[in-house]
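Just so you know, the sequences run in chain order A and B.
Read left to right, the first sequence gives residues 186 to 294 (this note's numbering).
Read left to right, the second sequence gives residues 736 to 897 (this note's numbering).
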Amino acid sequence: MRTVPITARITMPASARKGEVVTVRVLVRHPMERAANAPGVAPTPRRILHAFRVTYGGEEVFRMDLSPGVTANPYVEFTTVATESGTLVFEWHEDGGAIYRREARLDVA
Amino acid sequence: MSALSRRAVLALPPAMGAAAARAQGAPPAAAPSVLTEVQSAESFAAAERAILAGRVPVEGGIALEVPPLSENGNSVELSVAAESPMTAEDHVTAIHVLSEKNPFPRVATFHLTPRSGRAEVSTRVRLATSQTLVALAETSRGTVHRVGRNVIVILGACVETG
Numbered sequence: 186m187r188t189v190p191i192t193a194r195i196t197m198p199a200s201a202r203k204g205e206v207v208t209v210r211v212l213v214r215h216p217m218e219r220a221a222n223a224p225g226v227a228p229t230p231r232r233i234l235h236a237f238r239v240t241y242g243g244e245e246v247f248r249m250d251l252s253p254g255v256t257a258n259p260y261v262e263f264t265t266v267a268t269e270s271g272t273l274v275f276e277w278h279e280d281g282g283a284i285y286r287r288e289a290r291l292d293v294a
Numbered sequence: 736m737s738a739l740s741r742r743a744v745l746a747l748p749p750a751m752g753a754a755a756a757r758a759q760g761a762p763p764a765a766a767p768s769v770l771t772e773v774q775s776a777e778s779f780a781a782a783e784r785a786i787l788a789g790r791v792p793v794e795g796g797i798a799l800e801v802p803p804l805s806e807n808g809n810s811v812e813l814s815v816a817a818e819s820p821m822t823a824e825d826h827v828t829a830i831h832v833l834s835e836k837n838p839f840p841r842v843a844t845f846h847l848t849p850r851s852g853r854a855e856v857s858t859r860v861r862l863a864t865s866q867t868l869v870a871l872a873e874t875s876r877g878t879v880h881r882v883g884r885n886v887i888v889i890l891g892a893c894v895e896t897g
């Protein structure tokens, strides 16, 4: 499977106290193309990010199933408890099998 | 252009829509793969039933925040917050957002864990038209909380702009 970087804006604090609930906001650049099949239009398959997965210190802490009903440039906001200093890995799964990945570091005091 | 617009075909019930498409000379769709599906085979009611799996939802304990009126259905801010201590014994495991009149009733599903800390999520969705949105929160105890909101959409997301 290919893993490629993607344009995304991840907004979260760089550091937090242990046990603090941290809000993570993620905006990713993607057209989220819906399937088209109408008279007079060449049928095109859909190409969306259908899953978004976040691991923190190697453990999954958040997952989202997306549909064509999510906007282009999908935005999501969720929370996670700061447990230990570590890396949050953000993974988007696109139709066709491509996986895009970004990382962010969280320091826990 | 053909006599039937895309919107006219989509407005028909699925069986009639397919028949209309055939009448237009399109080959009969043989069980479309998920990637070419323009409309979910699953209805809104069926999606809700499948998630509930026989459980009776509790009204309350969950809030769905969405503007009552949206000018543009292409991007509607939506947030869901469920009341939960989010402990290992009692936490929200999943939040589902369902749409009554979108081509795909299952708009988004969020999977949470006790490590989420709070059962609060936000996203932006496309809405085809004025309709009811439903949010369901499943808990680790097996209960389901439900909330419904009516939203008015002036310009639906299905007006093709690309």
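Using N, Cα and C, we set each Cβ at its ideal position, and we do this for glycine too.
How many Å lie between residue i and residue j at the Cα?
i	j	result
leucine 291 of chain A	threonine 196 of chain A	11 Å
threonine 858 of chain B	glycine 225 of chain A	33 Å
threonine 878 of chain B	alanine 872 of chain B	8 Å
threonine 771 of chain B	histidine 846 of chain B	26 Å
serine 768 of chain B	alanine 776 of chain B	11 Å
serine 834 of chain B	arginine 841 of chain B	7 Å
alanine 267 of chain A	leucine 787 of chain B	32 Å
valine 801 of chain B	serine 819 of chain B	21 Å
methionine 249 of chain A	glutamate 205 of chain A	22 Å
alanine 758 of chain B	tyrosine 260 of chain A	Legend: pLDDT at alanine 758 of chain B = 48, less than 50; position of this residue unreliable, no value from coordinates given.
leucine 876 of chain B	threonine 828 of chain B	Contrary to the premise, residue 876 of chain B reads as arginine rather than leucine in this sequence. Going by the C-alpha atoms only, they are around 9 Å apart.
proline 207 of chain A	phenylalanine 237 of chain A	The question names proline, but residue 207 of chain A is valine in the sequence shown. Going by the C-alpha atoms only, they are around 18 Å apart.
valine 811 of chain B	glutamate 276 of chain A	24 Å
For a test of the three-state rule: what should DSSP assign to residue i, helix, strand or coil?
i	result
leucine 862 of chain B	coil
serine 200 of chain A	strand
serine 851 of chain B	helix
alanine 785 of chain B	helix
phenylalanine 839 of chain B	coil
alanine 892 of chain B	coil
alanine 227 of chain A	coil
Identify, in the order they occur along the chain, each residue of the same chain with its Cβ nearer than 8 Å to the Cβ of residue i, setting aside the five sequence neighbours on each side.
i	result
alanine 761 of chain B	In this prediction, alanine 761 of chain B has a pLDDT of 48, which is less than 50 and means its spatial position is unreliable; what the coordinates show is noted afterwards. Around alanine 761 of chain B: no qualifying Cβ.
threonine 192 of chain A	Val213 and Arg214
Please say whether residue j and residue i have beta carbons closer to each other than 7 Å?
i	j	result
glutamate 269 of chain A	valine 293 of chain A	yes
threonine 844 of chain B	histidine 831 of chain B	yes
proline 884 of chain B	leucine 868 of chain B	Per the sequence presented here, residue 884 of chain B reads as arginine, with proline not at that position. Cβ distance < 7 Å, so arginine 884 of chain B and leucine 868 of chain B count as in contact.
alanine 823 of chain B	proline 849 of chain B	yes
alanine 257 of chain A	proline 216 of chain A	yes
valine 860 of chain B	valine 255 of chain A	yes
phenylalanine 779 of chain B	serine 252 of chain A	no
alanine 798 of chain B	alanine 816 of chain B	yes
tyrosine 285 of chain A	valine 211 of chain A	no
Kindly list the residues whose CB is nearer than 7 Å to the CB of residue i, restricted to its own chain and excluding five residues on each side of it in sequence; keep chain order.
i	result
phenylalanine 263 of chain A	Val209 and Phe247
leucine 890 of chain B	Glu806, Asn807 and Gly808
valine 888 of chain B	Ser805, Gly808, Leu862, Thr864 and Ser865
glycine 271 of chain A	Tyr241, Gly242 and Leu291
alanine 227 of chain A	none
Suppose the cutoff is 6 Å on Cβ atoms and the five residues either side in sequence are ignored; what does the same chain contact list for residue i look like?
i	result
cysteine 893 of chain B	Ala863
arginine 232 of chain A	Glu218 and Asp280
glycine 796 of chain B	Glu818 and His880
serine 814 of chain B	Glu800 and Ser857
At a CB-CB cut-off below 9 Å, which residues of chain C make contact with residue i?
i	result
phenylalanine 845 of chain B	Structure shown: chain C not included; protein chains present are A and B.
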